[in-house]
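First comes the structure, then the notes that go with it.
Number of protein chains: 2
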Amino acid sequence: MRNILFNISYDGSAYHGWQVQNNAISVQEVFQQAMLQVVGCVPDVKACSRTDTGVHARQFCISAKIERNIPCERLTPAMNHFLPPDVAVLSCREVPMDFHARYSCRGKEYVYQIWNAPVRNPFLYGYALHYWYPMDLERLNRAAAHYLGTHDFTSFCTIDARDAGNMVRTVTKAEVSREGDMVRFTVAANGFLYHMVRIMAGTLLRVAQGKFEPEQIPQILEQRNRHIAGPTAPPGGLYLNRVFYDEEVMG
Amino acid sequence: MRNILFNISYDGSAYHGWQVQNNAISVQEVFQQAMLQVVGCVPDVKACSRTDTGVHARQFCISAKIERNIPCERLTPAMNHFLPPDVAVLSCREVPMDFHARYSCRGKEYVYQIWNAPVRNPFLYGYALHYWYPMDLERLNRAAAHYLGTHDFTSFCTIDARDAGNMVRTVTKAEVSREGDMVRFTVAANGFLYHMVRIMAGTLLRVAQGKFEPEQIPQILEQRNRHIAGPTAPPGGLYLNRVFYDEEVMG
Numbered sequence: 001m002r003n004i005l006f007n008i009s010y011d012g013s014a015y016h017g018w019q020v021q022n023n024a025i026s027v028q029e030v031f032q033q034a035m036l037q038v039v040g041c042v043p044d045v046k047a048c049s050r051t052d053t054g055v056h057a058r059q060f061c062i063s064a065k066i067e068r069n070i071p072c073e074r075l076t077p078a079m080n081h082f083l084p085p086d087v088a089v090l091s092c093r094e095v096p097m098d099f100h101a102r103y104s105c106r107g108k109e110y111v112y113q114i115w116n117a118p119v120r121n122p123f124l125y126g127y128a129l130h131y132w133y134p135m136d137l138e139r140l141n142r143a144a145a146h147y148l149g150t151h152d153f154t155s156f157c158t159i160d161a162r163d164a165g166n167m168v169r170t171v172t173k174a175e176v177s178r179e180g181d182m183v184r185f186t187v188a189a190n191g192f193l194y195h196m197v198r199i200m201a202g203t204l205l206r207v208a209q210g211k212f213e214p215e216q217i218p219q220i221l222e223q224r225n226r227h228i229a230g231p232t233a234p235p236g237g238l239y240l241n242r243v244f245y246d247e248e249v250m251g
Numbered sequence: 001m002r003n004i005l006f007n008i009s010y011d012g013s014a015y016h017g018w019q020v021q022n023n024a025i026s027v028q029e030v031f032q033q034a035m036l037q038v039v040g041c042v043p044d045v046k047a048c049s050r051t052d053t054g055v056h057a058r059q060f061c062i063s064a065k066i067e068r069n070i071p072c073e074r075l076t077p078a079m080n081h082f083l084p085p086d087v088a089v090l091s092c093r094e095v096p097m098d099f100h101a102r103y104s105c106r107g108k109e110y111v112y113q114i115w116n117a118p119v120r121n122p123f124l125y126g127y128a129l130h131y132w133y134p135m136d137l138e139r140l141n142r143a144a145a146h147y148l149g150t151h152d153f154t155s156f157c158t159i160d161a162r163d164a165g166n167m168v169r170t171v172t173k174a175e176v177s178r179e180g181d182m183v184r185f186t187v188a189a190n191g192f193l194y195h196m197v198r199i200m201a202g203t204l205l206r207v208a209q210g211k212f213e214p215e216q217i218p219q220i221l222e223q224r225n226r227h228i229a230g231p232t233a234p235p236g237g238l239y240l241n242r243v244f245y246d247e248e249v250m251g
C-alpha cells in the first residue's frame, strides 16, 4: 500500500464544489472516476478542504492510499487522460502512510479577484467580481492588515454546524494588490472558517465603498457576530491558491 | 438618423459565432436583442467580420443606424445592462453615415493562443490550445515571417463559396511570442480568408513538430492547395484582437 499526494488544479465553474453530492457533479466525483480508470478501484480520498460551488483552485491537495505500483511520473498523465479538461493533476508524490491531506495541512492561501474597471470583462464572468468604482488600495490594505494575527473570526463565518467549536484562526498574510484592472486580495491562514475569505472580501468592498472605515475591522472581529461584517462576496472570484504542508512532505 | 460604431468584446465559448443562425445562439442575436431593449427596435447591424463557433473577440466592431437620440456615453452602460455577461460593449461613437463596419475596415489583427507546458491549464480549456512539447520560438518566427507580404492564400483557406474570387491578402504582422507558458501567434492583415489564421497556426504547429521546415512556407503558398498546409487549429485558441479603421473614424 502507498499513500499518494495529488496536487491538482481546477476551474470550479461547472462543479458543485469538491465534495460528492447527490444529483450534482463535484470535483471529487470526477477525480474518483478517473482513479477508477487508472488504479482499478475507487479509493477513499482525503482532501485539503472543501470548496463551494463555483470556487476555483490553482492548487488543491488530495491524499489517497492505493495498491497499484504505478510510478508517480506515469500517474500524473494517466489521471489527466481520464479527468475532464477543467481539472488537471499538476503533480503527485509518495508521502508517509500517516499523511492526511486535511489533518497534515499547515495552512492555505486564498486569492479573491476583483475586476476593477468601468466596463466588465466578458472573459471574467465567474472568474472575478466586477466592481466599477475606483478602489483606494492604501485604504484597503490598512483594513486588510487588521485581519492579521490570531483572532476569533465568528463575525467572518456563515453559521454552520461544521464549525461549531473553535472559531480562532491565525492569519499570516492579508494584502490587496493591483495588476492593471485586476485587484487581488490574498489571504493566508492556518485554517479558514466556512465562507471566511468571501466575507473578508465582502467586508473589504464595504471599506472600498466608504461604508466601513479600515479602523472598524477590529470592532467587527470583537463583536463575534456575522451580521456586523460585510456581505459574502460571490464564489466565482475565489481561488484556493496554495496549500501548505511540512517541508519534508513537499520535498 | 445616426450611425453608431460599437466596440464590443466577447467570450465566444457559448456562441455559434457572430452571425444569426436558426436553432443556435449567436452573438448577433443577443446583441440585437439588447438593441431592441435599448432603442426600441432591431436595427440592421453591420459587423467587421464573422467569427466561427467558439472563437473569441477582444475587439469586434459593429455599425448600426438608429433613430433614438441617446448619447453614446449612456448607450454603452444601457447595452451592457441588457447583454449577457460574456458579451460587453467597451465603447461606442457616432460615425459618418457612409461608414460600414465591414466595408470601411482597413485590416484586423488576430491572436492564436497556445498553452505550452507539460500539464494542461484547467482554466484555459476553450481559451488556448494545449501543446506540451517544447517550442523553438526562433524557428517559429522564421516560419511566420514567410507569411508577411502580399500572397495568394488559397493554401490557407477552407474551400468556401464565400471566398470564391480574390484569394490575395497582405499580411503586415506575423510574430510568435512567449509569456511564461503561453505562446501567442499574432497576425495582422488587410483581410482574412475563411479559417486562414487557424490554418496558419496549424501549419506553425507542424513546423514546431519538425514536420515542416520554416523555409517550406513559401512553397506551401505557391502550391495554392489547401491539402499542402497544416491542419486547421481548433477555434478556442483564436481571438480577434484588433480591428482597424481610418483614424478620422476611430478618433
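In order, the protein sequence lines correspond to chains W and H. Residue numbers 1 to 251, in my numbering, belong to the letters of the first sequence in order. Residue numbers 1 to 251, in my numbering, belong to the letters of the second sequence in order. Cβ atoms here follow ideal geometry from the backbone N, Cα and C, with glycine treated the same way. None of these values were measured; they are calculated from a predicted model.
Using a Cβ-Cβ cut-off of 7 angstroms, state whether residue i counts as contacting chain H.
i              : result
residue 87(W)  : yes
residue 119(W) : yes
residue 238(W) : no
residue 90(W)  : yes
residue 231(W) : no
residue 125(W) : yes
residue 122(W) : yes
Between which two residues does the alpha helix (DSSP H) harbouring residue i extend?
i              : result
residue 92(W)  : Not the alpha helix (DSSP H): residue 92(W) falls in the beta strand (DSSP E), residues 87-95.
residue 143(W) : 137-145
residue 198(W) : 196-208
Check for me: the beta strand (DSSP E) holding residue i runs from which residue to which?
i              : result
residue 3(H)   : 2-10
residue 33(H)  : Counting along the chain, residue 33(H) falls outside any beta strand (DSSP E), though it belongs to the alpha helix (DSSP H) covering 27-39.
residue 111(H) : 107-115
residue 182(W) : 182-189
residue 159(W) : Where residue 159(W) is concerned, there is no enclosing beta strand (DSSP E), given that its DSSP letter is neither H nor E.
residue 73(W)  : No beta strand (DSSP E) contains residue 73(W), which is instead part of the alpha helix (DSSP H) from 72-82.
residue 215(H) : From DSSP, residue 215(H) is part of no beta strand (DSSP E); its letter is neither H nor E.
residue 57(W)  : 56-66
residue 15(H)  : That residue, residue 15(H), is in no beta strand (DSSP E); it is neither H nor E in DSSP.
Can the beta-carbon of residue i be found less than 7 angstroms from the beta-carbon of residue j?
i              : j              : result
residue 241(W) : residue 103(W) : no
residue 195(H) : residue 232(H) : yes
residue 100(H) : residue 46(H)  : yes
residue 148(H) : residue 174(H) : yes
residue 3(W)   : residue 63(W)  : yes
residue 76(H)  : residue 95(H)  : no
residue 112(W) : residue 237(W) : yes
residue 18(W)  : residue 58(W)  : no
residue 177(H) : residue 225(H) : no
residue 243(W) : residue 72(W)  : no
residue 139(W) : residue 214(W) : yes
residue 20(H)  : residue 78(H)  : no
Distance, Cα to Cα, residue i vs residue j?
i              : j              : result
residue 125(W) : residue 200(W) : 21 angstroms
residue 25(H)  : residue 44(H)  : 18 angstroms
residue 142(H) : residue 55(H)  : 26 angstroms
residue 82(H)  : residue 34(H)  : 5 angstroms
residue 135(W) : residue 211(H) : 51 angstroms
residue 182(H) : residue 106(W) : 32 angstroms
residue 84(W)  : residue 150(H) : 42 angstroms
residue 28(H)  : residue 12(W)  : 29 angstroms
residue 192(W) : residue 9(W)   : 19 angstroms
residue 121(H) : residue 91(W)  : 13 angstroms
residue 255(W) : residue 97(W)  : Outside the displayed span of chain W (1 to 251) sits residue 255(W), for which this structure offers no information.
residue 220(H) : residue 157(H) : 12 angstroms
residue 145(W) : residue 197(H) : 49 angstroms
residue 205(W) : residue 16(W)  : 25 angstroms
residue 203(W) : residue 230(W) : 4 angstroms
residue 42(W)  : residue 65(W)  : 10 angstroms
residue 209(W) : residue 133(W) : 8 angstroms
residue 52(W)  : residue 217(H) : 50 angstroms
residue 108(H) : residue 246(H) : 12 angstroms
residue 159(W) : residue 36(H)  : 44 angstroms
residue 31(W)  : residue 234(H) : 26 angstroms
residue 80(H)  : residue 86(H)  : 10 angstroms
residue 70(H)  : residue 48(H)  : 23 angstroms
Output yes if chain W places a C-beta closer than 7 angstroms to the C-beta of residue i; else output no.
i              : result
residue 131(H) : no
residue 15(H)  : no
residue 10(H)  : yes
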